Amino acid sequence: MREQQPEPSATRVFWCERVTYRTMEADEIAEVSRHMALDPAEAIRFIRLNVRALAAELPPMERHRALSWVDGGGCVGAIGALHRGEPCGLSLSHRDAWIEWTVRPGFNSPAG
54 MREQQPEPSA TRVFWCERVT YRTMEADEIA EVSRHMALDP AEAIRFIRLN VRALAAELPP
114 MERHRALSWV DGGGCVGAIG ALHRGEPCGL SLSHRDAWIE WTVRPGFNSP AG
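Residue 165 is where the sequence shown ends in this note's numbering, and the numbering goes up by one at each step.
Okay, structure coming up:
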């Protein structure tokens, strides 16, 4: 009799994406970066690090909005959404460009 191997199960992951558009109208993509995180905190850390790196270059209103999200309720709410299985994100204007960060919960199926 042949011994059955247990089926590998899918792993819960969080797909992070940063899309930079050339203009505020978000009509042409200039750059895309992606990151896979294993938990909600790591996924939000991806956004927080990106936003902090840009903060000094943002106009005062946008800097305030960005840092309020990073240091305040925005990122806490985003982590909560990811724990509930909901996507989350943040968008900012930077110079003449538009940047969007999104995180979507999903599964990483094992190869086989």
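Don't be surprised by glycine CBs; every beta carbon is placed ideally from N, CA and C.
Keep in mind the model is a prediction, meaning the values are calculated, not measured.
{"Asked": "Meets three-Cβ-pair contact criterion under 8 Å: the region 72–85 and the region 106–116", "Found": "no"}
{"Asked": "Beta-carbon separation (whole angstroms), A166 vs N161, contact threshold 8 Å", "Found": "Any question about residue 166 goes unanswered here, given that the chain covers just 54 to 165."}
{"Asked": "Closest by C-alpha distance to M77, when choosing among T155, R157, W151, G159", "Found": "W151"}
{"Asked": "Supposed close pair F99, H88 - CB separation, criterion 8 Å", "Found": "5 Å"}
{"Asked": "Option nearest W154 by Cα separation, candidates R101, R75, R65", "Found": "R101"}
{"Asked": "E139, DSSP secondary structure in three states", "Found": "coil"}
{"Asked": "C-beta contact flag for C69 and V156 at 8 Å", "Found": "yes"}
{"Asked": "Burial state of P158, where buried means 16 or more other Cβ atoms lie within 10 Å", "Found": "buried"}
{"Asked": "Helix, strand or coil at P158 according to DSSP, with G and I counted as helix", "Found": "strand"}
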